[in-house]
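Colleague:
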Amino acid sequence: MSRSKRLRERGIADKQGYICHKCLGEGELSQIVADSDSNDTCSICQEQNPSESLINLANMLLEAIEFEYEDPANSVGFESREGGYYIKPIPTRELLFDKYEIDGETLDLLCHIIIQEYWVKKHPYNDWEDDKMMDEWQVFSEFVKHKYRYYLNSLDHDPLDRNSTVFKHNPNLILEKFAQFVFEHDLDKKLPANTRVYRGRKERAGENHSTMNELGPPPPEKAKYSNRMSPAGISMFYGGLEIELCLSELRQMESELIVKISVWDTTKELLLLNLTNLPNLPSDFDEEGRLYKREIIFLHRFAEEISKPIVKDGNEHIEYIPTQVLTDFFRTLHFRHEGHQPFHGIVYESSTNSGECLVLFCGPEGCVDSEQDIEDNHMLLFHPELVEKHEVTYDVEMTHHRISLY
Ligand SMILES: [Zn+2]
């Protein structure tokens, strides 16, 4: 087969020439070409900058496009009387301009070389593939907030509604895919034994908390409030690796407050789900990375949601459900995945301060206040002698606080 015919079968017109990175706009493709070793004369500007051949550029663009789009002739019905597809296809020109930021003469040239003129999203009749559905976080959130919340494991169909979205958007499948990604990409962090951890508690006038029971996680029957990761009735330890972090997390609620900071050491190595160092969203031109685009978007959405400040306006009972369900999913993952060590908690970035916040999956039963009493089920040793009282004032311009040792 001739070269020209081979190219044509790939959907590329055989044309000689090069385009330099400067003529490729500001998008990802331009950045990739900027690293190229070849300096052939650019067919557009006639300069000798890092460049790539027209054929290679067309091929790269086609591979990126074909990852999400396909030829409408293969999947969309054609209405010959009306003379058009049932779903409006997107011209190549529009895709190159909107998605890859290519314009001007370069756009004209590349549109001549890529033979395919129109595209539609893959599986165009399945709303799973809609832009909105690309955001599986939204699908999952809506599902657990407004449809089903418990026993997601057993949901492979909805007995009451055979046309329901359960078939298409089983949240359990979304979660399992997500867990697989976490395992494969080592998204965990080991917090060594004897790591210092701080926890803040607000104090009202007249209160003077000093004991482990008062400053540690509440007993389950007193865990009255919904939190980002724990629903009312389930107690967890929320803390941070720095004092300033605990103060700034509490400071969001009020302008002036008294905070007791309690000091803890981990009693053993703890395995945490690590949301502080998530992979960046992969480029469409990254063959390996783009396979995980959805999982990465989902993880970022989860990390974003849990680091948002707590707002107690009554809606938290619904709004925090997705992150609570997801936390529960990770808390119980080792029961479903043989050989996987249980996660003891999650580490995530604070929204208010650059630093690492923690949630540990333990209530008072995981805390101990004397070294002699440490047992296997404990995670944290409380230091009663290190409790600090902070008076925090906050204004827009500056933040300061006075410390008095308790
Ligand atoms: Zn150029």
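If you count by my numbering, then the sequence shown holds residues 205 to 610, one letter each, in order.
For glycine and all other residues, C-beta sits at the position ideal for the given N, C-alpha and C.
Should Val-596 be labelled buried (16 or more other beta-carbon atoms within 10 Å of its own) or exposed?
Modeller: Buried is the call here.
Colleague: Excluding the five sequence neighbours on either side, which residues of its own chain have a C-beta within less than 8 Å of the C-beta of Val-348, listed in chain order?
Modeller: For Val-348, where only same-chain residues beyond five positions count, the Cβ hits under 8 Å are Leu-356, Pro-375, Ile-525, Pro-526, Val-529.
Colleague: What are the start and end residues of the alpha helix (DSSP H) that includes Asp-312?
Modeller: Element bounds for Asp-312: 308–317.
Colleague: Just to confirm, does Ile-248 get its C-beta within under 7 Å of one of the non-hydrogen atoms of ligand 1?
Modeller: Yes - ligand 1 has a heavy atom lying nearer than 7 Å to the Cβ of Ile-248.
Colleague: Buried or exposed: where does Ser-554 fall if 16 or more other Cβ atoms within 10 Å of its Cβ makes it buried?
Modeller: Ser-554 should be labelled buried.
Colleague: Assuming Leu-476 and Phe-387 make a contact with CB atoms under 8 Å, what is their CB distance in whole Å?
Modeller: Contact flag wrong, Cβ pair sits at about 14 Å.
Colleague: Taking Phe-586 as the reference, give the member of Thr-556, Arg-535, Leu-419 with the closest Cα.
Modeller: Closest option to Phe-586, Cα to Cα, is Leu-419.
Colleague: Quick check on the DSSP output: the alpha helix (DSSP H) that includes Ser-466 runs from which residue to which?
Modeller: Here Ser-466 belongs to no alpha helix (DSSP H); instead the beta strand (DSSP E) covers 460–470.
Colleague: Please report how far the alpha carbon of Ala-217 lies from the alpha carbon of Ala-262, in whole angstroms.
Modeller: Spanning the two alpha carbons is a distance of roughly 9 Å.
Colleague: Is the segment 409–417 touching the segment 447–456 in the sense that three or more CB pairs, one from each, lie closer than 8 Å?
Modeller: Not touching, per the Cβ criterion.
Colleague: For Asn-478, which beta-bridge partners are listed by DSSP?
Modeller: Paired residue(s): Val-551.
Colleague: Could you give the residue range of the beta strand (DSSP E) that holds Glu-256?
Modeller: Where Glu-256 is concerned, the enclosing beta strand (DSSP E) stretches over 255–257.
Colleague: Which class does Ile-223 belong to by DSSP, given the choice of helix, strand or coil?
Modeller: It is a strand residue.
Colleague: Just to confirm the assignment: which complete alpha helix (DSSP H) runs, minimum length 4, are found wholly within the segment 410–435?
Modeller: Segments of the alpha helix (DSSP H) lying fully in the segment 410–435: 416–419.
Colleague: Whose C-beta lies closer than 8 Å to the C-beta of Phe-382 among residues of the same chain, with five residues either side of it excluded?
Modeller: So the qualifying residues of the chain are Glu-499, Phe-502, Leu-503.
Colleague: Could you pull the start and end residues of the alpha helix (DSSP H) that Glu-407 belongs to?
Modeller: Where Glu-407 is concerned, there is no enclosing alpha helix (DSSP H), although the beta strand (DSSP E) it sits in stretches over 400–407.
Colleague: Restricting to runs no shorter than 3 residues, where is the beta strand (DSSP E) found entirely within the segment 562–605?
Modeller: The qualifying runs are 584–586, 592–598.
Colleague: Got a sec? Which residues, its chain only, sit under 8 Å from Asp-365 by beta carbon, not counting five neighbours each side?
Modeller: Its pLDDT being 49, under 50, Asp-365 is placed unreliably in this model, and the value from its coordinates should be taken loosely. Hits under 8 Å: none found.
Colleague: Out of Leu-228, Met-264, Asp-390, Ser-240, which one is the CA nearest neighbour of Leu-482?
Modeller: Leu-482 has its Cα closest to that of Asp-390, out of Leu-228, Met-264, Asp-390, Ser-240.
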